[in-house]
Amino acid sequence: MARDRNTPDRYSTALGRLMLGALVVILLGLFLLWRIDNPRIERLRMEITDRVIPNFSAVTAPVTSAVNILRSARSYTRIYQQNQELRRELQQMKAWKEAALQREQENARLLDLNNVRLDPKFTKITGVVLADSGSPFRQTVLLNVGRRDGIMDGWATIDGIGLVGRIAGVGERTSRVILLTDTSSRIAVSIETNGQRAMIVGDNTSRPPLEFLEAPETVQPGDRVVTSGDGGVFPSGLLVGQVTQTQSGRLRVRLAADIQRLEFLRVLRHQPRETISTAGALVGVQLSNPSGEP
Amino acid sequence: MHDPPLRVFRLQLTYLAIVALVVLLQTLPLQGLPYPFAPANVPLVVTFAWIVRRPDIIGPSLITLAFLFADAILQRPPGLWTLIVLCASIFLRTRTRGRNEILFLYEWLIVAMVIGVSFLVHYFALMFTFLPVPDVQQYVVQVLLSILIYPICKWLFRPMLRFALTQTLHPSAPETAR
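So the sequence lines, in the order shown, correspond to chains A and B. Position one of the first sequence corresponds to residue 1 (my numbering), numbered consecutively onward. Position one of the second sequence corresponds to residue 295 (my numbering), numbered consecutively onward.
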């Protein structure tokens, strides 16, 4: 239509072009600034998320619960079968419970004998999952606890059973957890049976692979994987999952945490251990150097 | 196209609300596992559908605002995807402006090409700035799905945008007769 071409266009006026140019420069600048000075912009992003998501969650809570109810309703169709399974599991659990009680008593006795002080890492803060990343290429969730609850970057997050991820980004009321399955997640772990060290490298699949194993042939599928505490980021000994083997022979980890349905997460308070850097300072006066060097 | 400013403003608000809603609904914690396949990029397709139909409503500042918000919430590199969408929509605008009666297939073809090029530029921009790039297979699925939902999107928004158009028929007779 000719009419359209005759109307003055917002882009074709000088002012419009100037504004467009300015926008392009600003956006490019923002991206480059983010690339160079990542933490500052990420903090800004966290503040925005902190403002938006908690307010929005009041609106979406009904949607989330409706979907969850629908999902549970679907499981009613096979309720008999489930009941049978649960009974069987209950039998097994009773046996386990007896064993666990005995172990607990024994453990308490031994701890008392050794006069062990348990690590204060076991205090925790529980938060509710507000949102996930919303992108198929990122695996993160947002919790409703933040700076005001004392959350700090780097703390480990578990779902009651196994490790889920670590805190990366804290806002006033919210904090973001990078899951083990995210492509930027690297966790130092050890295989419980033989103490071998390895890394869990997230690759956006539900079973992240085990990398940097020294002797993969000695690792059996089913071995338990726990955090090793190397690097001082995580407390050691948190359960991560079990080793599985893919058909191609690659070792992966089946996570103990149920990441399909994350609802409540526990954030473990963890102060990094004090490192002892000077040798002998505790003993007394620094001995003079026999070789005469300073 | 001379809409009353109030209607333009209302449609602009609607656009912002749609993009914000789609982005926030994506972040609902329903799916914990990694996606089996990458879903379509709905905000992008909505933007293209609107800009082809009503270029007078969606200005560059509106697109910037909407997509910067999406960048912030969805943890994308801030500004990069916004910049790409902005340039793509300007291009799309100059391609389709003044041709309200173009064949739909032709329009779809152009939009599909623009979507493909946008994703390609995004991929290479991530690569050249040494950022982690998404899995190629999932990425291609996302591009294809985005292209596929374009007709649905257009059909969905057609009543809303057409209603505005019928109100705005230019009264000058000689021009409409042409």
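All C-beta atoms in this analysis are idealised placements derived from N, C-alpha and C, irrespective of residue type, glycine included. Small disclaimer: the values here were computed from a predicted structure and weren't measured.
Residue-level contact check: T140/A touches chain B, since one or more beta carbons of chain B fall below 8 Å from its beta carbon.
Annotated three-state conformation of I191/A is strand, per DSSP. Along the length of the region 357-421 of chain B, whole alpha helix (DSSP H) runs at least 4 residues long occupy 374-390, reported in chain order. Listed by position along chain B, the residues whose Cβ is nearer than 8 Å to that of M19/A are P354 and S355.
Within chain B, the residues T321, L322 and P323 have their CB atoms less than 7 Å from the CB of A131/A, given in chain order. Of all alpha-carbon atoms in Q92/A, L239/A, G154/A and I151/A, the one lying nearest the alpha-carbon of S190/A is that of L239/A. Within the DSSP secondary-structure output, G127/A pairs in a beta bridge with L265/A. The Cβ atoms of R269/A and W155/A sit closer than 8 Å to each other.
Counting every other CB atom within 10 Å of its CB across the protein chains shown gives I357/B a total of 16 or more, marking it as buried.
In this model, L414/B and T123/A are separated by some 47 Å (Cα to Cα). Around the C-beta of V430/B, fewer than 16 other C-beta atoms lie within 10 Å, and the residue is accordingly described as exposed. Of the candidates L425/B, L377/B, L338/B and I352/B, L338/B places its Cα closest to the Cα of L442/B. Counting the other Cβ atoms within 10 Å of the Cβ of S440/B gives 16 or more, which makes it buried. Within chain A, no C-beta atom comes less than 9 Å from the C-beta of V411/B; the nearest is roughly 17 Å away. Under the rule that a run must span 4 or more residues, the alpha helix (DSSP H) segments found entirely inside the region 24-109 of chain A read 38-75.
Selection S248/A, I167/A and F56/A evaluated against Q320/B yields F56/A as nearest (Cα-Cα). For I312/B, the enclosing alpha helix (DSSP H) covers residues P299 to Q320.
For I48/A, the C-beta contacts it makes with chain B under 9 Å involve F363, A366 and I367, in order along the chain.
Bridge partners of L179/A according to DSSP: G165/A.
Within chain B, no C-beta atom comes less than 9 Å from the C-beta of L101/A; the nearest is roughly 33 Å away. Excluding five sequence positions before and after I125/A, the CB atoms of its chain that fall closer than 6 Å to its own CB belong to V145, D149 and V267, given in chain order. Distance between I53/A and Y309/B, taken at the CA atoms: about 20 Å. T376/B reaches chain A at L27, counting residues in chain order whose Cβ is nearer than 8 Å.
At a cut-off of 8 Å between beta-carbon atoms, Y309/B makes no contact with chain A. For F424/B, the closest of G237/A, P39/A, R35/A and V233/A by C-alpha to C-alpha distance is R35/A. With respect to the 8 Å criterion, T227/A and G241/A are not classified as neighbours on the basis of their beta carbons.
Here the alpha carbon of M19/A sits roughly 19 Å from the alpha carbon of P372/B.
A check of alpha carbon separations from Y433/B across N204/A, G21/A and F234/A identifies N204/A as the nearest. Contacts between R35/A and chain B, judged by CB atoms closer than 8 Å, involve P371, T423 and L425 in chain order. Judged by DSSP secondary structure, Q242/A falls within the beta strand (DSSP E) whose first and last residues are L239 to Q245.
Less than 8 Å separates the beta-carbon of S185/A from that of G202/A. Cβ contact annotation for E172/A (same chain, cutoff 7 Å, sequence separation greater than five): D50, G146, R147 and R148, in chain order. Bounds of the beta strand (DSSP E) holding T157/A are A156 to I158. The contact set of P299/B on chain A, defined by CB atoms closer than 9 Å, is empty, because the minimum CB distance reaches about 13 Å.
The region 131-143 of chain A makes contact with the region 174-183 of chain A, as at least three CB pairs between them are under 8 Å.
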